[in-house]
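Colleague: Structure incoming, see below.
Chains as they are written, first to last, in the working numbering: chain Y, 264 to 470; chain A, 3 to 753.
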């Protein structure tokens with residue numbers, strides 16, 4: 264695209280379309296008439312009625328539109344990337360994290376750190392897991408790379424804290440065991456698609 | 003292994019993928035391809051052992067030959083035209099990968115090998131995106147074998163571990179249990195918890211064999227690899243400390259070309275940690291140095307530190323005392339008088355290629371496992387005759403020793419004389435030496451040493467028609483009162499009979515120290531002890547007056563048994579003072595310890611190379627490019643053999659200072675991962691002779707060091723000599739440096 268039209272600063276030669284406005288009143292009487300006709304239109308009462316009706320709805324019918332932030336919060340899109348949540352398996356209640364270390368590896372601000380060990384059941388167990396939210400840029404890579412959908416972005420977007428480098432421990436982010444039934448499946452980046460079932464490739468297990 | 007052992011080097015020319023390549027007759031196609039940077043995928047091929055040929059991934063197409071050729075074991079022929087990549091080969095290799103993936107658990111996320119796994123890499127490379135085949139999976143639980151654990155479900159039966167266990171480490175613990183899909187690896191020596199199996203885990207291409215301690219503690223990609231050299235014994239093997247957050251998680255090595263013993267692999271936690279600069283201690287150290295007359299040190303230090311000590315000696319006139327290095331130095335000196343060269347001629351590679359090996363004066367499997375590995379390689383690859391001469395039989399050597407010759411403890415001079423006499427029989431010698439040998443009273447020597455003449459005859463006979471002999475000489479003889487004459491007698495074998503002689507240095511850097519330092523015999527005035535108890539003690543064990551860094555907290559060079567100066571780097575940080583700080587305060591001037599690397603004495607064979615310029619790698623075909631080789635210098639030769647002195651045998655209760663194979667020094671004693679129990683071990687016969695029973699606590703004194711140990715009967719031992727470990731004695735352990743056999747009075751405690 265050429266920049267010609269922008270470089271032409273001669274307003275007079277351009278095609279402006281003027282709005283069809285009334286002529287401004289010229290004499291004092293004409294001005295008075297315009298004020299009166301604009302002030303006393305019946306639409307005023309339509310507006311007053313709307314206000315009155317909504318006030319009634321809000322007060323007596325429970326249809327309040329105001330959100331009492333920070334006591335109330337609006338629902339947030341599942342794709343919003345806020346403070347991480349660690350999810351549990353719904354059946355057993357065990358945390359989903361298998362300690363594979365991919366989130367730690369992919370993290371571009373190097374804010375995830377984890378330690379794993381060999382536990383009594385010969386499984387890999389996460390012994391330490393922290394996210395440094397002073398560094399986290401909420402890019403969502405960790406949630407995307409997680410093969411178990413164990414680390415996800417939750418809806419907690421208030422990240423102000425007394426310290427810049429505020430750490431979060433595994434337990435802080437983990438779904439409390441008594442709130443397991445309230446755990447929401449994650450729909451954001453890295454989540455399985457809605458038609459995932461159709462795309463499953465079966466491994467032949469003959470036995 | 004490389005086929006450099008072929009003596010007649012006939013060059014052949016062939017074309018691989020359109021590239022003209024030259025090789026030597028006897029080399030395999032794969033070897034030539036690798037030398038020429040041509041990639042042929044393999045799964046089971048391990049350069050350091052003979053071709054296994056279990057995977058068939060290395061198939062190539064040779065023009066004019068029907069069917070596919072296994073490049074790993076097929077010798078290349080002159081004029082061959084070879085294609086390594088085409089659609090058919092790709093299909094074949096892809097099918098092999100599909101079969102490797104049958105039922106292989108898709109749990110890479112929790113597999114230790116993930117990120118460095120051959121199966122993962124090759125599955126990706128050949129685009130195998132699903133598991134197309136399956137079979138009934140038998141129940142195969144994970145087995146914990148101690149140092150390592152085995153998961154049969156992950157095993158791809160490449161057999162690398164079995165071959166390493168047989169051909170390299172010689173423990174022969176791993177076997178294949180054949181049974182089609184349910185084939186598995188068996189550990190037939192599970193009760194012994196062999197640390198040498200770490201070598202088998204190192205070559206495992208998948209996560210089937212992993213270190214039990216490391217398991218699940220970190221992922222491969224999180225660890226920083228610090229290239230270093232092992233500091234436990236004089237082999238100074240190549241290794242990488244794998245570090246995360248100032249903690250060593252594991253030790254790996256270039257397992258394709260080099261090996262590492264159990265202590266090297268699992269003994270890495272010996273750093274002197276949490277040290278800060280203690281100004282007071284430093285001031286008192288300077289005061290002690292200004293007042294001191296002697297520096298007494300263990301030779302487990304770097305070449306640079308040895309040079310600092312030597313320079314301090316020149317500056318302040320200290321006496322430098324390091325008993326084991328001094329003995330070694332005197333031995334080398336006497337040896338050089340016969341050979342005319344300041345160093346012995348042998349090295350480990352030549353040892354592994356020899357056809358006959360004589361071991362003398364060392365319990366070699368415990369003293370230096372890497373030497374034993376190389377003897378084992380000679381035995382497995384060249385069916386070498388191995389004559390093991392010692393006062394104690396070693397059951398762990400049984401499978402490779404062809405002739406065990408037992409001699410009386412203390413009679414090493416006679417043994418050396420008998421060896422020289424037997425092996426130099428048909429060789430023309432200078433007159434003086436010939437008369438000296440002729441004058442030997444063979445009958446008397448044979449009686450004194452307890453070696454039968456028929457044993458020597460058998461030895462001579464077994465060496466007949468063979469060439470490529472090696473002689474391994476161990477630490478027993480260096481501290482022998484008649485060491486000088488032993489050295490000369492053995493020197494004859496190198497000089498006149500062409501033996502490849504390896505004089506195993508008794509401690510990590512005994513060779514380096516003996517070349518760099520002018521050592522003294524006697525202590526004088528007050529002593530500074532460096533890793534030895536002294537009036538003022540510098541210690542890397544954390545129990546002295548001033549802390550010093552352990553060897554994995556320093557950079558510097560070590561001189562190995564191969565006469566190679568190898569670099570090692572800092573794996574764990576150290577916050578305290580180092581020897582260089584003291585030296586600078588006393589008047590020397592160097593910013594870092596490694597500034598001394600280029601000043602190492604040229605006249606002793608060192609090179610004036612800067613530390614940072616020292617290479618530390620193996621190339622694609624396994625050539626060792628680590629540091630540089632010492633150049634042997636000419637020495638004045640006067641080939642005079644003294645008469646063999648009347649032998650004074652040891653009577654009564656005799657113990658032999660010898661550590662378990664996993665232990666060398668107080669440094670290894672700090673490693674929790676190694677076997678650390680220290681018992682006085684003896685046979686049932688010893689127990690009867692010494693009137694002790696299994697489980698008794700006994701007390702005895704050697705070189706003024708008092709021991710209190712529990713006595714245990716070890717059924718694998720024979721004879722009337724007990725094994726006394728010394729590794730756990732901390733700062734006193736370096737005081738024990740006289741002749742390793744000693745006569746002691748056992749006193750029972752608390753009975």
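Where a beta carbon is used, it is the ideal one built from N, C-alpha and C, also for glycine.
Quick check: what's the CA-CA separation for residue 394/A versus residue 490/A?
Modeller: Near 24 angstroms, if we compare the C-alpha coordinates of residue 490/A and residue 394/A.
Colleague: When the Cα of residue 364/Y is compared with those of 349/Y, 392/Y, 386/Y and 337/Y, which residue comes out closest?
Modeller: Ranking the options by Cα distance to residue 364/Y, first place goes to 392/Y.
Colleague: Select from the region 376 to 403 of chain Y all residues with a C-beta closer than 7 angstroms to any C-beta belonging to chain A, and list them in chain order.
Modeller: Per Cβ criterion, the list reads 379, 380, 381, 385 and 387.
Colleague: Quick one: what's residue 152/A bridged to in DSSP?
Modeller: According to DSSP, which records beta bridges pairwise, residue 152/A is partnered with 145/A and 211/A.
Colleague: Looking at residue 233/A: is its Cβ nearer than 8 angstroms to the Cβ of residue 554/A?
Modeller: Contact: yes.
Colleague: If the cut-off is 7 angstroms on Cβ atoms, which residues from the region 331 to 364 of chain Y count as contacting chain A, listed in chain order?
Modeller: Residues 361, 362, 363 and 364.
Colleague: How is the alpha helix (DSSP H) around residue 267/Y delimited, first residue to last?
Modeller: Unbroken alpha helix (DSSP H) run through residue 267/Y: 267 to 270.
Colleague: Going by Cα to Cα distance, which pick from 122/A, 180/A, 250/A and 369/A is closest to residue 206/A?
Modeller: Among 122/A, 180/A, 250/A and 369/A, the Cα nearest to that of residue 206/A is on 122/A.
Colleague: Please report how far the alpha carbon of residue 607/A lies from the alpha carbon of residue 613/A, in whole angstroms.
Modeller: If I take the Cα positions, the gap works out to 16 angstroms.
Colleague: Using the Cβ count rule (16 or more neighbours within 10 Å means buried), how would you classify residue 482/A?
Modeller: Answer is buried; the Cβ neighbour count reaches 16.
Colleague: Give me whichever residues DSSP pairs with residue 349/Y in a beta bridge.
Modeller: Beta-bridge pairing links residue 349/Y to 414/Y and 437/Y.
Colleague: Residue 771/A by DSSP, collapsed to three states: which one?
Modeller: The displayed coordinates of chain A run from 3 to 753. Any statement about residue 771/A would go beyond what the structure contains.
Colleague: Taking all protein chains shown into account, do 16 or more other C-beta atoms lie within 10 angstroms of the C-beta of residue 102/A, making it buried, or fewer, making it exposed?
Modeller: Classification of residue 102/A: buried, given that the 10 Å Cβ count is 16 or more.
Colleague: Of the choices 11/A, 39/A and 641/A, whose alpha-carbon is the least far from that of residue 27/A?
Modeller: The candidate whose alpha carbon is nearest that of residue 27/A is 11/A.
Colleague: Give me whichever residues DSSP pairs with residue 229/A in a beta bridge.
Modeller: In the DSSP output, where bridge partners are listed per residue, residue 229/A has 242/A.
Colleague: If residue 420/Y sits next to residue 345/Y, beta carbons under 8 angstroms apart, how far is it from one beta carbon to the other, in whole angstroms?
Modeller: Going by Cβ atoms, the distance from residue 420/Y to residue 345/Y rounds to 4 angstroms, so yes, they are a contact pair.
Colleague: To be precise: take each residue of the region 402 to 418 of chain Y, compare its Cβ to all Cβ atoms of chain A, and keep it if any distance is under 8 angstroms. Which residues remain?
Modeller: From the region 402 to 418 of chain Y, only 410 and 411 have a Cβ closer than 8 angstroms to chain A.
Colleague: Answer with yes or no whether the minimum CB distance from residue 224/A to chain Y is below 8 angstroms.
Modeller: For residue 224/A, the answer is yes, since a Cβ of chain Y falls inside 8 angstroms of its Cβ.
Colleague: Taking its Cβ as the centre, do 16 or more other Cβ atoms sit within 10 Å of residue 8/A, making it buried, or is it exposed?
Modeller: For residue 8/A, the predicted structure reports a pLDDT of 46, less than 50, and the residue's modelled location is therefore unreliable. A value from the coordinates is still provided. So residue 8/A counts as exposed.
Colleague: Contact check, residue 204/A vs residue 242/A under 8 angstroms by CB: the rounded distance?
Modeller: Not a contact, Cβ separation roughly 11 angstroms.
Colleague: Could you please give the first and the last residue of the uninterrupted alpha helix (DSSP H) stretch that includes residue 725/A?
Modeller: First-last for residue 725/A: 723 to 726, but that is the beta strand (DSSP E), not the alpha helix (DSSP H).
Colleague: By Cβ distance below 6 angstroms, which residues in the same chain neighbour residue 148/A in space, the five residues on each side in sequence not counted?
Modeller: Closer than 6 angstroms at the Cβ level, and outside the excluded window around residue 148/A, lie 195.
Colleague: Interface residues of chain A around residue 368/Y at Cβ under 7 angstroms?
Modeller: Correct list: 223.
Colleague: Are the C-beta atoms of residue 579/A and some chain B residue less than 8 angstroms apart?
Modeller: Among the protein chains of the structure shown, namely Y and A, there is no chain B.
Colleague: Whose C-beta lies closer than 8 angstroms to the C-beta of residue 228/A among residues of the same chain, with five residues either side of it excluded?
Modeller: Contacts found: 242, 243, 244, 245, 571, 572 and 573.
Colleague: In the DSSP output, what is residue 252/A paired with across the bridge?
Modeller: DSSP, once it has assigned bridges, lists 244/A as partnering residue 252/A.
Colleague: If we ignore side chains and look at the alpha-carbon of each, how far apart do residue 466/A and residue 561/A end up?
Modeller: So the alpha carbons of these two residues sit roughly 35 angstroms apart.
Colleague: What is the DSSP secondary structure of residue 192/A, reduced to helix, strand or coil?
Modeller: Reduced to three states, the DSSP call for residue 192/A is helix.
Colleague: Considering only the alpha carbon of each residue, which of 439/Y, 451/Y, 266/Y and 457/Y lies closest to residue 353/Y?
Modeller: Among 439/Y, 451/Y, 266/Y and 457/Y, the Cα nearest to that of residue 353/Y belongs to 439/Y.
Colleague: Do we get a CB-CB distance below 8 angstroms when we pair residue 470/Y with the residues of chain A?
Modeller: Any reading at residue 470/Y needs caution, since the residue's pLDDT is 49, under 50, leaving its predicted position unreliable; the model's value is listed next. Yes, because at least one Cβ of chain A sits closer than 8 angstroms to the Cβ of residue 470/Y.
Colleague: Identify every residue that forms a DSSP beta bridge with residue 314/Y.
Modeller: For residue 314/Y, which the question treats as bridged, DSSP gives no partner whatsoever.
Colleague: Where does the unbroken beta strand (DSSP E) through residue 569/A begin, and where does it stop?
Modeller: Looking at the DSSP string, the run of the beta strand (DSSP E) that includes residue 569/A is 566 to 570.
Colleague: In the DSSP output, which residue or residues are listed as bridge partners for residue 187/A?
Modeller: According to DSSP, which records beta bridges pairwise, residue 187/A is partnered with 178/A.
Colleague: Check each candidate in 96/A, 91/A, 75/A and 67/A and name the one with the smallest Cα separation from residue 82/A.
Modeller: Here the closest residue by C-alpha is 67/A.
Colleague: Is there a C-beta anywhere in chain Y that falls below 8 angstroms from the one on residue 335/A?
Modeller: Cβ-Cβ to chain Y under 8 angstroms: no for residue 335/A.
Colleague: Can you name, in chain order, every residue of its own chain whose Cβ lies under 6 angstroms from the Cβ of residue 44/A, other than the five neighbours on each side?
Modeller: So the qualifying residues of the chain are 59 and 60.
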